[in-house]
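Undergrad: Protein chains in written order, with our numbering: chain E, 1 to 288; chain D, 1001 to 1327.
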């Protein structure tokens, strides 16, 4: 019983880390561009379809396809920000919501047209391998996916801490007027940020394709999941996204273990409601 | 009489006499138009007037629908009494969400996400609520379709047609009255600048809470109509995120905060959806998703090119001035 439970918690933590990476993208976009990406899960689903396509037709392991998919999603995010979202930045929230929701509708139904209503998942050759650590069993796929998520997340943090572009983006988030005064090209930096956030989504989607199946309704579900994670962790906080992801991952498996798997969403939303009321800035978010 | 009033009168007259000319299909589309105009108007009280963005508004539709339907199915209580219970449940839910959100300073995007969280939470709760059908759905017994039984809300489609028309007229008049009342001005002040409103001595918390409660109660009545018109309820459809989006599209596309916006938005969007279905079928596309895809593209075009909504744009074109209605 305790061993079984421990295994479940490890599964939740590892899956949660992949969720974290997806949510990190949302957090980065909101933290800088101040737009809530209501098409976030739909973009993740597109990345999952891409991973499935590469694995099925080119026999490419999602772990190897990850950089390619991340690059594709970077271009998508960059283009969307430049072409559409940028003109909505100073508009009220509900207008941004409608814009992103219509994009989400287009993505969901585009994938329904392109891939049909069936579930698609990637089955890798080592899909059933497990590692035995003492009495515990750890899925190889899940462990690799979690490790890759952590690596990409660390890469992101390094980018924002060490590179000039990263610092410039942080400057935009910190003080927009100041950033303009010193001559930063805010429009381009916003597009780069949206691109980077989308690249996170691409990477997360590639990894998720090995863990869960994708079908058209997966997108909206993942959007809500990403919201829960970033709000619980703290919108705009990178560490918060990591913590939130793991927390939600574990709460999902515990709800499934003690009650019913179909009730896992209710637990996540209950956590979200509690956090919004008790600590609206999120667990690791800074008070504004 | 202003030109605006004449325009509205003509529209109303068209809807009143329409059943004499229109077939059952067209009438059912018009019922959907009016339903979305009604709930859009109810949502507009909260967002358009008081500036509180609710993205989980279908929770009030769902609660109202389930309350009245459950009372009817399990206890035989007629809809005319059930609707009071439905409104009460929704108002209670609205005041809980509103009080929690406003008391703890949950603002803007965060408040919107809080409303989504409550709606989704309730959806999953109802999916496990076996006494109310769970995921299998709750079905209302269909009696004779020839009677005009307003007490039990059972009977002919025409009865529902005129009922929803009356509800639309009622909520329009109510909103007009509200906009020109002390409460309405309070809401506009809170919407425009909350801090300035508070400095003027307005009880911001109470103003926002009144807006949520009123909006929730009125939305629930739409839910009662929905339940008795369609005779089936599923948690996924009553509380799903898609429904919330559908509710808010009409007022936003039509023109937020205006009285005519929700009506115009519903008049555009529902026929647009139906038209796309007919067009894609006529062109021989049978694939699932194509209709919604075109719908999404149209929506994108509308928000991109008419960001203030269609009505404020049309009002200028028609030479009706740029003032608020009801003046």
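We put the CB at the ideal spot given by N, CA and C, even for glycine.
Please read these numbers as outputs of a predicted model, since none were measured by experiment.
(1) What residue ranges within the stretch 1182-1263 of chain D form continuous alpha helix (DSSP H) runs of no fewer than 4 residues, ordered along the chain?
(2) Give the interface partners of residue 220/E over in chain D, defined as CB-CB distance under 7 angstroms, in chain order.
(3) Evaluate contact between the stretch 1214-1229 of chain D and the stretch 1062-1072 of chain D, counting only Cβ atoms and requiring at least three cross-stretch pairs below 8 angstroms.
(4) By how many angstroms is the C-alpha of residue 74/E removed from the C-alpha of residue 196/E?
(5) Would you decide whether residue 109/E is buried or exposed? Buried here means 16 or more other CB atoms lie within 10 Å of its CB.
(6) Assign residue 48/E to one of two classes, buried (16 or more other C-beta atoms within 10 Å of its C-beta) or exposed (fewer than that).
(7) Leaving out five residues on either side along the sequence, give the residues of the same chain with a beta carbon under 6 angstroms from the beta carbon of residue 1005/D.
(8) Please list the terminal residues of the continuous beta strand (DSSP E) segment that includes residue 126/E.
(9) Where does the unbroken beta strand (DSSP E) through residue 138/E begin, and where does it stop?
(10) Any Cβ of chain E within less than 8 angstroms of the Cβ of residue 1114/D?
(11) Between residue 37/E and chain D, is the shortest Cβ-Cβ distance under 8 angstroms, so that the two count as touching?
(12) From residue 22/E to residue 202/E, what does the alpha carbon distance come to, in whole angstroms?
(13) Let's test the definition: count the other Cβ atoms within 10 Å of the Cβ of residue 19/E and tell me whether it reaches 16, buried, or not, exposed.
(14) So, at 6 angstroms on beta carbons, what are the nonlocal neighbours of residue 119/E in its own chain, with the 5 sequence-adjacent residues on each side left out?
(15) Do the CB positions of residue 1176/D and residue 1058/D come within less than 8 angstroms of each other?
(16) How is residue 1315/D classed by DSSP in three states: helix, strand or coil?
(17) Would you list, in chain order, the members of the stretch 1295-1319 of chain D that have their beta-carbon closer than 8 angstroms to a beta-carbon of chain E?
(18) Which residues in the same chain have their Cβ closer than 6 angstroms to the Cβ of residue 1178/D, if we skip the five residues on either side of it in sequence?
(19) Looking at chain E, is there any beta carbon in it that lies within less than 8 angstroms of the beta carbon of residue 1174/D?
(20) With a threshold of 8 angstroms, are at least 3 pairs of Cβ atoms found where one atom belongs to the stretch 1115-1133 of chain D and the other to the stretch 249-268 of chain E?
(21) Report yes if the C-beta distance between residue 187/E and residue 1307/D is below 8 angstroms; otherwise report no.
(22) Tell me, please, which residues DSSP counts as bridged to residue 120/E.
(23) Could you spell out where the alpha helix (DSSP H) holding residue 1177/D opens and where it closes?
(24) Find the residues of chain E that neighbour residue 1234/D, judging by a C-beta separation of less than 7 angstroms, and give them in chain order.
(25) Here's the rule: buried if 16 or more other CB atoms are within 10 angstroms of the residue's CB, otherwise exposed. What is residue 37/E?
(26) Hey, how far is the Cα of residue 1108/D from the Cα of residue 1142/D?
(27) So with CB distances below 8 angstroms, who are the chain E contacts of residue 1106/D?
(28) Does the distance between the C-beta of residue 1054/D and the nearest non-hydrogen atom of the ligand FMN fall short of 7 angstroms?
(29) Within 10 Å of its beta-carbon, does residue 1074/D have 16 or more other beta-carbons around it, so buried, or fewer, so exposed?
(30) Do you know offhand how far residue 1231/D's Cα is from residue 274/E's?
(31) Quick check on residue 1151/D: buried or exposed, where buried means 16 or more other Cβ atoms within 10 Å of its Cβ?
(32) Decide if residue 248/E is buried, meaning its Cβ has at least 16 other Cβ atoms within 10 Å, or exposed.
(33) Just to confirm before moving on: does the CB-CB distance between residue 160/E and residue 29/E stay below 8 angstroms?
(34) Counting only C-beta atoms, is residue 272/E closer than 8 angstroms to chain D at any point?
(35) With H, G and I counted as helix, E and B as strand and the rest as coil, what does DSSP make of residue 82/E?
(36) Less than 8 angstroms between the CB atoms is what I'm expecting for residue 1251/D and residue 1040/D, so what's the real figure, rounded?
TA: Checking against the coordinates, here is how it stands:
(1) Counting only runs of 4 or more, we get 1182-1192, 1194-1199, 1204-1230, 1235-1239, 1241-1254.
(2) Neighbours of residue 220/E on chain D, chain order: 1241.
(3) These segments touch.
(4) Rounded to the nearest angstrom, the two C-alpha atoms are 6 angstroms apart.
(5) Buried, since its Cβ has 16 or more Cβ neighbours within 10 Å.
(6) Per the 10 Å Cβ criterion, buried.
(7) Within its own chain, no residue has a Cβ closer than 6 angstroms to the Cβ of residue 1005/D once the five positions on either side in sequence are excluded.
(8) For residue 126/E, no beta strand (DSSP E) run applies, since DSSP gives it neither H nor E.
(9) Element bounds for residue 138/E: 136-139.
(10) It does; some Cβ of chain E falls within 8 angstroms.
(11) Residue 37/E does not count as touching chain D.
(12) For residue 22/E and residue 202/E, the distance between alpha carbons rounds to 8 angstroms.
(13) Buried.
(14) Excluding positions up to five away in sequence, the list reads 213, 215.
(15) No.
(16) Residue 1315/D sits in a helix when the DSSP states are folded into three classes.
(17) The residues in question are 1295, 1296, 1297, 1299, 1300, 1303, 1304, 1307.
(18) Once the five neighbours on either side are set aside, the close Cβ partners of residue 1178/D are 1184.
(19) Chain E contact via Cβ: absent.
(20) The stretch 1115-1133 of chain D, when compared against the stretch 249-268 of chain E, does touch it at the 8 angstroms Cβ threshold.
(21) Against a cut-off of 8 angstroms, the Cβ pair of residue 1307/D and residue 187/E comes out as no contact.
(22) Residue pairing by DSSP places residue 120/E opposite 214/E in a beta bridge.
(23) Note, residue 1177/D: alpha helix (DSSP H), 1157-1179.
(24) Going along chain E, no residue has its Cβ under 7 angstroms from residue 1234/D, so there is no contact; the nearest lies around 15 angstroms.
(25) Around the beta carbon of residue 37/E, a 10 Å sphere encloses 16 or more other beta carbons of the protein chains shown; the residue is thus reported as buried.
(26) Straight-line Cα distance between these residues: approximately 43 angstroms.
(27) Within chain E, the residues near residue 1106/D are 276, 277, 280.
(28) Although the ligand FMN was asked about, the structure shown includes no ligands whatsoever.
(29) Flag for residue 1074/D reads exposed.
(30) Those two C-alpha atoms are separated by around 35 angstroms.
(31) Residue 1151/D sits exposed, since fewer than 16 C-beta atoms from the chains shown fall within 10 Å of its C-beta.
(32) Classified as buried, residue 248/E has 16 or more neighbouring CB atoms from the shown chains inside 10 Å of its CB.
(33) Cβ distance not < 8 angstroms, so residue 160/E and residue 29/E don't count as in contact.
(34) At least one chain D Cβ lies under 8 angstroms of residue 272/E.
(35) Reduced to three states, the DSSP call for residue 82/E is helix.
(36) Cβ atoms of residue 1251/D and residue 1040/D come within 8 angstroms of each other, at about 4 angstroms.
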